[in-house]
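Below is one structure, written out as structure tokens; the observations come after it.
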Amino acid sequence: MTSETQLKSYPYFIRAGEPRRSGLIGWAIIIISWTVLYFWGVTQLVDGFLDWTSYNTVNVIRVAVTVANAVSSIEEGLSNIHNGIFSTFIVMIISR
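Residue numbers for the sequence shown follow the numbering used here, so the first one is 686 and each next one is one higher.
Structure follows, in structure tokens:
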């Protein structure tokens, strides 16, 4: 039997599962989390490197133009919605 001071020296996620060794779930969660974070970080680095190497190329310009068109379309749509709501509100006030 382990003493209480010896148990307190273990990290909480190991002690949480005592006495039936389900503290291994804590280990699995930590290992899986670090693996996911590692692969996410690697993909971000690769994506950043590819963006950096393809800077000022035709693809980047195409993407920038597409995004600009999409944003302007969204802004125009929101403006039309706002104008429609505002004019409806004015008509409701005048018709009273």
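From the three backbone atoms N, C-alpha and C, an ideal C-beta is built for every residue, glycine too. Quantities reported herein were computed from a predicted structural model and do not represent experimental measurements.
Here DSSP, grouped into helix, strand and coil, assigns TYR723 to helix. In this model, ASP736 and TRP725 are separated by some 16 Å (Cα to Cα). Just so you know, the alpha carbons of VAL756 and TYR740 end up roughly 21 Å apart.
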